Amino acid sequence: MTFTPDARINLNRLLADLDRSAGIGVGREGGLSRLALSDADREMRDLFVGWCREAGLAVSVDEVGNIFGRRAGREDDLPPVLMGSHLDTQANGGRFDGILGVLGALEVVRMLNDLGHVTRRPIEIVNWTNEEGARFSPPMLASGCFAGEYAVEWVHERPADDGATFGSELQRIGYRGSVPAGGRVPDAYFELHIEQGPILDAEKVQVGIVTHAYRSHGFLVEFHGETAHTGPWPMEKRRNALVAAARLLVGVDDIGWEFAPSGGKATAARLVAWPNKTGILSDWSQAVCDVRHDDPSNADSMAGKVVVAVEAAAARAGCEARILDRWTWGGRIFDDALVDSIRSHAGGLGYTHRDLPSQAGHDAYFLARICPTAMIFTPCRDGITHNNAEFAAPDDIEPAANVLLHALVERADR
Ligand code: HGY
Ligand code: MN
Ligand code: MN
């Protein structure tokens with residue numbers, strides 16, 4: 001057998017893998033809660049590594065836990081073509097977000113094995129650590145490190161709520177690899193992902209051709225105040241860090257509503273405070289928020305308004321504020337030739353398809369900084385995601401996975 005235009009993935013094999021994954025780190029009904037570097041993440045990683053080895057891949061793990069399964073090429077010293085996504089999920093995550101991209105890449109490799117097709121260039125399938133940023137901020141932490149955005153030491157120091165650090169948890173679960181993180185340039189990167197939006201499902205379109213990404217700015221903000229008694233302490237003397245964070249987050253929500261008519265979004269995502277107890281004002285708090293817009297200049301002005309809101313919230317609550325971390329991604333970051341290839345394979349395979357932007361962040365955003373990169377979207381029911389009701393039917397999955405198979409081989413064989 002060999003690779004021909006009518007080659008297709010083995011959908012039932014991919015669905016079986018997705019079912020196995022759905023049983024590891026089970027969350028609410030139908031969903032997952034498989035936070036990065038948790039015991040459940042380790043279990044899923046071990047399963048994925050086993051599958052890679054069964055598929056004849058050489059497995060390596062880098063210093064921030066990214067897992068690579070390498071399939072040799074005929075000219076094996078050429079830069080590899082990468083494809084993958086993430087196996088970690090949100091706290092109330094779905095069974096497809098990220099997971100479909102990793103297991104879809106594995107299925108492509110298995111199908112090439114079935115066909116006995118060895119590509120000219122080597123292929124590497126990838127699981128990126130901590131894409132969600134749910135346990136360790138910021139999101140896309142390990143793909144960002146691979147792309148040179150974050151130093152390994154800084155990544156290892158990222159704290160979790162329970163006092164653990166990224167590096168200590170990586171060590172604990174046995175995935176603190178020795179391979180340097182990054183420092184190499186892949187030939188290209190593909191990422192298969194559910195749309196995480198309603199367009200493809202609503203229009204009954206089979207494949208999403210991702211032309212660009214919403215411009216996004218994220219903030220981690222810290223406030224310092226003073227503890228005091230909630231009873232006798234006069235209002236004018238209060239320095240309640242919890243109030244400062246709350247005022248910021250309401251201000252961020254107002255920015256979202258201001259830009260909603262043009263499709264902008266602003267999210268008050270997280271608020272933690274100490275001591276955060278009855279009877280006492282909190283003297284420490286942290287808040288995470290982000291703003292997103294299809295128009296970069298709008299996104300940038302939303303970000304400017306967030307910075308003003310930080311100062312206003314601090315002043316109103318009598319606290320000091322510090323922006324501990326900021327992250328920015330998105331724009332026209334994908335490779336036109338790869339996007340065209342994906343579009344032509346979608347058409348050539350007889351699938352309906354349409355161009356659209358990505359509104360959610362993805363590891364591909366960082367890979368796009370170092371090599372030609374493109375994404376392929378599948379529909380997901382009503383666009384529901386980061387929710388246990390997230391769902392992609394077999395008919396939703398198969399077309400985009402087949403497009404990945406053909407676009408990957410075209411790139412790896414050129
Ligand atoms: O933040 C995001 O959009 C991604 O899911 N990490
Ligand atoms: Mn994702
Ligand atoms: Mn996600």
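Sequence positions in the sequence shown follow full-length UniProt numbering and run 1 to 414.
All residues carry an ideal CB built from backbone N, CA and C; glycine is no exception.
In this text the structure is predicted, and so the values were computed from the model without any measurement.
With 16 other Cβ atoms within 10 Å as the buried cut-off, status of residue i
i	result
residue 340	exposed
residue 155	buried
residue 83	buried
residue 16	exposed
residue 358	buried
residue 86	buried
residue 393	exposed
residue 411	buried
residue 302	buried
residue 372	buried
residue 151	exposed
residue 137	buried
residue 8	exposed
residue 251	buried
residue 80	buried
residue 236	exposed
residue 315	exposed
residue 203	exposed
Residue range of the unbroken alpha helix (DSSP H) whose run includes residue i
i	result
residue 248	241-259
residue 145	141-146
residue 429	Beyond the ends of the chain as shown, which are 1 and 414, falls residue 429; an answer cannot be given.
residue 171	166-173
residue 152	152-157
residue 43	39-54
residue 339	336-348
residue 411	394-413
residue 200	199-203
residue 364	364-367
Check whether residue i and residue j have beta carbons under 8 Å apart
i	j	result
residue 179	residue 377	no
residue 317	residue 240	yes
residue 20	residue 93	no
residue 119	residue 64	no
residue 122	residue 184	no
residue 205	residue 354	yes
residue 374	residue 338	yes
residue 133	residue 61	no
residue 284	residue 273	yes
residue 57	residue 401	no
residue 98	residue 88	yes
residue 293	residue 259	yes
residue 246	residue 281	no
residue 146	residue 116	no
residue 190	residue 32	no
residue 366	residue 289	no
residue 53	residue 173	no
residue 201	residue 395	no
residue 95	residue 22	yes
N-terminal and C-terminal residue of the beta strand (DSSP E) that residue i is part of
i	result
residue 127	123-127
residue 269	265-274
residue 324	320-331
residue 296	Per DSSP, residue 296 belongs to no beta strand (DSSP E); it is in the alpha helix (DSSP H), 296-317.
residue 358	353-358
One or two residues paired with residue i in a DSSP bridge
i	result
residue 386	Residue 386 pairs with nothing; no bridge assigned.
residue 71	123
residue 100	DSSP, once it has assigned bridges, lists no residue as partnering residue 100.
residue 60	68
residue 83	125 and 190
residue 376	192 and 209
residue 222	286 and 322
residue 32	26 and 93
residue 280	229
residue 215	293
residue 108	Answer by DSSP bridge pairing: none, since residue 108 is not bridged.
CB contact below 8 Å: residue i versus chain C
i	result
residue 352	Protein chain content of the structure displayed is limited to a single chain, and chain C is not contained in it.
Any heavy atom of ligand 5 nearer than 5 Å to the CB - residues listed: As far as ligands go, the structure on display features ligand 1, ligand 2 and ligand 3 and does not contain ligand 5.
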